[in-house]
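Per my numbering, residue 100 is the first one in the sequence shown, and the count goes up by one each step.
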Amino acid sequence: MSVQKNLIQLQKKIPQEVTLVAVSKTKPIAMIEALYKVGQRVFGENKVQELTMKHESLPQDIQWHMIGHLQRNKVKYIAPFVALIHAVDTAKLLGEVSKQAVKNKRTINCLLQLKIAQEDAKYGLTEEELLDIVNQLDNFPNINIVGLMGMATFTNDVARVSTEFTKLKMLFDRLKKTSFSNKLDFTVLSMGMSADYEIAIAAGSTMVRVGSAIFGMRNY
Ligand SMILES: *Cc1c(COP(=O)(O)O)cnc(C)c1O
């Protein structure tokens with residue numbers, strides 16, 4: 100059971116137009132190199148220190164995505180290289196990303212995270228908070244909002260997961276037609292993980308974040 104075989108099996112189930120983020124958190128450099136050798140270039144991590152260390156140790160053409168909750172005081176460590184920040188969940192965090200992006204003379208791509216799960220969801224914006232940020236984007240230089248992200252409730256209830264993803268897709272479509280109608284790169288809908296990526300794709304996901312289905316179980 101190799102990670103390369105797992106990746107190739109998974110790719111068969113994901114439409115070409117859906118981007119696969121290989122979530123390599125807790126997994127060793129050697130496994131990432133194995134996937135790099137078969138062409139995978141997009142990897143996701145949820146800890147700043149691990150992300151920075153892996154970025155330094157691996158080929159420079161890897162696109163590193165920060166997928167997890169991000170603390171404001173750690174933005175500076177990833178600002179020089181991060182390709183996409185998935186989980187912007189406060190205006191204050193966006194302000195810090197903006198500040199660090201300006202400092203690094205680059206534009207940082209971000210997704211706004213909507214809270215779609217009903218319970219046990221610690222992070223994410225309400226729809227009202229999200230729209231409020233969208234209306235203030237002029238205040239955040241060097242930020243490029245390219246889409247939305249969400250995490251469904253961790254449950255076997257397919258109908259519920261599907262409803263949650265559909266809610267996010269509807270907001271995405273609405274924003275695409277309104278606030279972002281002039282922005283051709285507002286195209287990313289990041290939803291779906293190992294357990295629910297098929298449901299997410301059926302609901303309109305354009306980017307899935309898959310860890311254990313490629314790398315196997317994680318031992319924390
Ligand atoms: C760990 C993680 C994933 C991947 O989870 P798997 O169930 O291993 O596929 C996706 N998104 C986020 C935000 C994560 O933290």
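Even for Gly, the Cβ is constructed at its ideal location relative to N, Cα and C.
Small disclaimer: the values here were computed from a predicted structure and weren't measured.
How close, in whole Å, do the beta carbons of residue i and residue j come, if the pair is a contact with beta carbons under 8 Å?
i      : j      : result
VAL141 : VAL309 : With 8 Å as the limit, VAL141 and VAL309 do not qualify as a contact, their Cβ atoms being about 11 Å apart.
MET306 : VAL117 : 7 Å
ILE113 : ILE300 : 7 Å
PHE239 : GLY194 : 7 Å
SER304 : MET316 : Going by Cβ atoms, the distance from SER304 to MET316 rounds to 23 Å, so no, they are not a contact pair.
GLY249 : PHE285 : Not really, about 16 Å apart at Cβ, beyond 8 Å.
THR252 : ALA302 : Going by Cβ atoms, the distance from THR252 to ALA302 rounds to 14 Å, so no, they are not a contact pair.
MET165 : GLU144 : 7 Å
VAL147 : LYS173 : 4 Å
Please classify residue i: does DSSP put it in a helix, a strand, or coil?
i      : result
ILE184 : strand
GLN199 : helix
GLN212 : strand
VAL309 : strand
THR99  : Past the boundaries of the shown model lies residue 99; the chain is included only from 100 to 319, so the question cannot be answered.
LEU109 : helix
MET248 : strand
ALA302 : coil
VAL102 : helix
ALA121 : strand
Pair every Cβ in the stretch 264–279 with every Cβ in the stretch 107–115, then say whether three or more of these pairs are closer than 8 Å.
Judged by pairs of C-beta atoms under 8 Å, the stretch 264–279 does not touch the stretch 107–115, as fewer than three such pairs exist.
Flag this pair as touching only if the stretch 195–212 and the stretch 176–183 have three or more C-beta atom pairs under 8 Å; answer yes or no.
At 8 Å Cβ cutoff, the stretches touch.
Around ligand 1, which residues pass a check of Cβ closer than 5 Å to any of its heavy atoms?
The answer, residue by residue, is VAL122, ASN145, ILE166, GLY167, MET292, SER293, ARG308, VAL309, GLY310, SER311.
Three or more C-beta pairs under 8 Å: does that hold for the stretch 125–135 against the stretch 206–218?
No, they do not touch.
Using a Cβ distance threshold of 8 Å, determine whether the stretch 222–235 contacts the stretch 253–262, with at least three qualifying pairs required.
Fewer than three beta-carbon pairs drawn from the stretch 222–235 and the stretch 253–262 are found closer than 8 Å, and the two stretches are therefore not classed as touching.
Please go through the stretch 142–182 and give each complete beta strand (DSSP E) segment of 3 or more residues, from N-terminal end onward.
Segments of the beta strand (DSSP E) lying fully in the stretch 142–182: 162–165.
Please give the ranges of any alpha helix (DSSP H) in the stretch 221–247, keeping only runs that are unbroken, at least 4 residues long and fully inside the region.
If we require 4 residues or more, the alpha helix (DSSP H) runs fully inside the stretch 221–247 come out as 226–233.
With contact counted as at least three CB pairs below 8 Å, one residue from each stretch, are the stretch 235–252 and the stretch 186–193 in contact?
Contact check between the stretch 235–252 and the stretch 186–193: three or more CB pairs, one atom from each, fall below 8 Å, which counts as touching.
Quick check for students: name the residue ranges of the alpha helix (DSSP H) that lie wholly in the stretch 252–286, counting only runs of 4 or more.
Segments of the alpha helix (DSSP H) lying fully in the stretch 252–286: 257–276.
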